[in-house]
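Reviewing the structure listed below.
Numbering (the working numbering), first residue to last: 1 to 107.
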């Protein structure tokens, strides 16, 4: 698998994880209870920027650098992006687990 494929798959996974987290938090807060989603969207824009910067750097490094044999910047950017995705995935599992637990407690 090439480095470009890894970068693009990580970006897709990152966007998928963020959307699952956003939907999970909206379900947990309750959509019809009058909560403003402006603050929530602001938080998710911040989370997206923190995760998109290393991916953009990895993509830029891949496009511009002709010698990718020992590129430490590309490796560190991908390592940070994968660790960040794993951290967000733990958050997704926690939010959805709490939502399902609350839903089952009401029954």
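The beta-carbon is built from N, C-alpha and C at its ideal position, and this holds for glycine as well.
First through last residue of the alpha helix (DSSP H) which encompasses residue i
i, result
"residue 19", "3-29"
"residue 71", "Taken as a continuous stretch (DSSP letters only), residue 71 belongs to no alpha helix (DSSP H), as it is neither H nor E."
DSSP three-state assignment for residue i, whether helix, strand or coil
i, result
"residue 107", "coil"
Okay, do the stretch 87-101 and the stretch 16-26 touch, 3+ Cβ pairs below 8 Å being the bar? yes
Inter-stretch contact at 8 Å, needing at least 3 Cβ pairs: the stretch 77-86 / the stretch 100-107: no
Check whether the stretch 40-48 and the stretch 93-100 touch, using three or more Cβ-Cβ pairs below 8 Å as the test. no
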